[in-house]
Amino acid sequence: MGQRFHFVVDPQGWCCMGLIIFVWLYNTIFIPKVILFPHYEEGNISVVAVLCYYFCSLFCIASLFRASVADPGKLPANPKIPITEREYWELCNKCNMMRPKRSHHCSRCGHCVRRMDHHCPWINNCVGEDNHWLFLQLCFYTQILSSYTLILDFCHYYYFLPLKKENWDVFVFRHELALLRISAFMGLIILGGISRLFYSQLMGIFTYKKMSNCCETCKSRPQKPWQQTFSEVFGTHWKILWFIPFRQRQPLRIPYHFASRV
Ligand SMILES: [Zn+2]
Ligand SMILES: [Zn+2]
1 MGQRFHFVVD PQGWCCMGLI IFVWLYNTIF IPKVILFPHY EEGNISVVAV LCYYFCSLFC
61 IASLFRASVA DPGKLPANPK IPITEREYWE LCNKCNMMRP KRSHHCSRCG HCVRRMDHHC
121 PWINNCVGED NHWLFLQLCF YTQILSSYTL ILDFCHYYYF LPLKKENWDV FVFRHELALL
181 RISAFMGLII LGGISRLFYS QLMGIFTYKK MSNCCETCKS RPQKPWQQTF SEVFGTHWKI
241 LWFIPFRQRQ PLRIPYHFAS RV
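Written as structure tokens, this is what we have:
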């Protein structure tokens, strides 16, 4: 599950994703060149600050790439439905296929997705059961990277010692101010948009936690702790692994009294 390569043919999605990759490339190239390396060479910052920037940048692009090509939870053409679970399945009137409840049909991708959250043009893919964890990681690391970029932009002008600027190439020397203003502008836009999205994603997960206790069957079960809900989304109880995009997610075996049938 979630290990199949998935590629959505949608030129509009390619443009949105291209824009995100452009912003990432811009900052990953110019922030080290204009701020990190020169200040490191002149002893204003330590090597840890440089490594942390590249570390955040790597995790950001890895979660973007994986979220965009991961199978979000597409349903097979002829699913084998156990007789005991038939009442929890329904027919999609758009693609005429059986699907578990809480699946939705994505008109952009043209198929149903298990526990679909939304179709995201910025990753050119649906966000569903099997790639929701990667999408959350993408939001998290994008917030960290854009905050870090904004802090560096600010410190370069108002906090760090002025650079001697002896060995800068002519392009960077002439365009330093413009390069940093563009970086700060993009950083503010991305941070604002992503923070809002991340907050609504977390609220969505917590709301589902409450909703799963709303029907008669669920009321008899104890309420899920938030750790259990997140463990189901990330496919592991190991909290450190919730932050790692370089792994395969396996659906959790949920304890009986918390299990949701759909
Ligand atoms: Zn459908
Ligand atoms: Zn979709």
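Reminder that position 120 of the sequence shown reads as 120 in UniProt numbering, one-by-one numbering, no gaps. A virtual CB, placed ideally from N, CA and C, is assigned to each residue, including glycine.
Segment contact: the segment 61 to 72 against the segment 80 to 94, fewer than three CB-CB distances shorter than 8 Å; contact not assigned. In the structure shown, tryptophan 168 adopts coil according to DSSP, grouped into three states. With respect to leucine 136, glutamine 201 sits close: the two C-beta atoms are nearer than 8 Å. The shortest CA-to-CA distance from methionine 98 to any of Ser107, Arg108 and Cys112 is the one to Cys112.
Beyond the five residues adjoining it in sequence on each side, threonine 207 comes within less than 6 Å, by CB distance, of no other residue in the same chain. Taking the Cβ of cysteine 106 as the reference point, at least one heavy atom of ligand 2 falls within a distance shorter than 7 Å.
Note on phenylalanine 230: 16 or more other CB atoms within 10 angstroms of its CB, so buried under the neighbour-count rule. With contacts defined as CB atoms closer than 8 Å, methionine 186 and valine 23 qualify as a contacting pair.
Under the three-state reduction of DSSP output, methionine 97 falls in the coil class, being neither helix nor strand. Remark: C-beta atoms of phenylalanine 234 and tryptophan 133 approach each other more closely than 8 Å. In the three-state reduction of the DSSP assignment, valine 233 falls in the helix class, which pools H, G and I. Counted as a single uninterrupted DSSP element, the alpha helix (DSSP H) harbouring tryptophan 14 occupies residues 11 to 31.
Look at the UniProt domain "Palmitoyltransferase DHHC" (89 to 211) and you find these whole runs of alpha helix (DSSP H), each 4 residues long or longer: 132 to 158 and 170 to 211. Rounded to whole angstroms, the gap between the alpha carbons of phenylalanine 55 and glycine 192 is 22 Å. In this structure, the CA atom of phenylalanine 140 is about 7 Å from the CA atom of phenylalanine 198. Placement of the Cβ of cysteine 112 at a distance of 7 Å or more from every heavy atom of ligand 2 is found. Alanine 67 carries a helical assignment under DSSP once its states are collapsed to helix, strand and coil. Proximity to leucine 75 across Glu41, Tyr158 and Gly110 peaks at Gly110, based on C-alpha coordinates. No Cβ-Cβ contact shorter than 8 Å links phenylalanine 171 with valine 69. Closer than 7 Å to some heavy atom of ligand 1: that describes the Cβ of methionine 97. In the three-state reduction of the DSSP assignment, lysine 224 falls in the coil class. When DSSP states are grouped into helix, strand and coil, phenylalanine 7 belongs to the coil group. In the three-state reduction of the DSSP assignment, lysine 239 falls in the helix class, which pools H, G and I.
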